[in-house]
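Visitor: To convert, note that position 9 of the sequence shown is 18 in my numbering; the numbers rise steadily by one, no gaps.
Ideal placement from N, C-alpha and C gives every residue a C-beta, glycine not left out.
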Amino acid sequence: MRLSSGVRNALTELGKWLVVACAVIATVIWFDELKAGISQGLELYVTDRVAPPISKSDDAGSPGMVELRASRGGHFLTTAAINGRPVEVLVDTGASFVALSFEDAERAGVYVRPADFTARVQTANGIAKVAPVTLDSVSIGDITLYDVRAVVSEPGRLGTSLLGMTFIGRLGRAEMRDGILILQE
């Protein structure tokens, strides 16, 4: 049975309107779930921003102290000076090393070759090859440590550089209280 072109066009238009109607009905039915999902996604994108460290040193010349506020996502993101150059980092007590993305390492003046990726580390995403390095200096606020052991990830493998235990473990104090991470030399 052949349909005339007018009937075919009418059925095509009807089909388009049925798809639109189904989309509207689904949106109405699942509006709260969709709204919550979109809000949560936007919150993670907007609220996990880099927070500047709040440096606190007393006049008596005690070692530097820095307070970092957690983002709404619960992460401690800040800008560190790696070899004197600014690098955004996630403070991560679960990371054994300071871990720089390949791109951040280059920005900090740390250059590695493919042959330098000699070590393997266990990550949340499996085993990764890294290049062991020693950073001249790592600073956050008034805290500066020298000769910090670190690793550089392969290009494109690490989204955010990590300030791990080769930095945190050398501090005199690292304490978390009420959404604030307190670091002291």
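Beta-carbon separation of Val98 and Ala90 under 8 Å?
Guide: No, Cβ-Cβ distance for Val98 and Ala90 is not below 8 Å.
Visitor: If you run the structure through DSSP and keep just helix, strand and coil, what is Pro141?
Guide: Here Pro141 sits in strand by DSSP.
Visitor: Buried or exposed: where does Pro62 fall if 16 or more other Cβ atoms within 10 Å of its Cβ makes it buried?
Guide: Classification of Pro62: buried, given that the 10 Å Cβ count is 16 or more.
Visitor: Between which residues of its own chain and Ile177 is the CB-CB distance below 8 Å, once the five residues before and five after are set aside?
Guide: Closer than 8 Å at the Cβ level, and outside the excluded window around Ile177, lie Val100, Thr102, Ala183 and Leu192.
Visitor: Three-state secondary structure (DSSP) at Glu163?
Guide: The answer is coil: DSSP assigns Glu163 none of H, G, I, E or B.
Visitor: Return the chain-ordered list of same chain residues with a C-beta closer than 6 Å to the C-beta of Leu171, the five sequence neighbours on each side being excluded.
Guide: Counting only Cβ-Cβ distances below 6 Å, and skipping sequence neighbours, we find Leu99, Asp101, Ala104 and Ala108.
Visitor: By Cβ distance, which residues of its chain are closer than 6 Å to Met185, with the 5 residues on each side in sequence left out?
Guide: Closer than 6 Å at the Cβ level, and outside the excluded window around Met185, lies no residue.
Visitor: Do Val160 and Val119 have their CB atoms nearer than 8 Å?
Guide: For Val160 and Val119, no; Cβs fall outside 8 Å.
Visitor: Just verifying my parser: in three-state terms, what is the DSSP assignment at Arg78?
Guide: In the structure shown, Arg78 sits in a strand (DSSP, three-state: E or B).
Visitor: Expressed to the nearest angstrom, what Euclidean distance is found between the alpha-carbon atoms of Glu194 and Gly165?
Guide: Going by the C-alpha atoms only, they are around 32 Å apart.
Visitor: With 16 other CB atoms within 10 Å as the buried threshold, where does Ile38 fall?
Guide: Per the 10 Å Cβ criterion, exposed.
Visitor: Ordered along the chain, which non-local residues of its own chain (more than five positions away) have a Cβ less than 8 Å from that of Arg129?
Guide: Contacts found: Ile136, Ala137, Lys138 and Val139.
Visitor: For the candidate residues Asn18, Ala30 and Phe111, whose alpha-carbon lies nearest to that of Pro123?
Guide: Nearest option by C-alpha distance: Phe111.
Visitor: For Asp125, which of Glu115, Asn134 and Val142 has the nearest alpha-carbon?
Guide: Closest option to Asp125, Cα to Cα, is Val142.
Visitor: Near Val96, which residues of its chain fall below 8 Å by C-beta distance, leaving aside the five closest residues on each side in sequence?
Guide: So the qualifying residues of the chain are Thr88, Ala89, Ala90, Leu109, Asp113, Arg116, Ala117 and Ser170.
Visitor: Beta-carbon separation of Gly173 and Phe85 under 8 Å?
Guide: Their beta carbons are not under 8 Å apart, which means Gly173 does not touch Phe85 by this criterion.
Visitor: With DSSP collapsed to three states, give me the class of Gly188.
Guide: Gly188 falls in the coil class under three-state DSSP.
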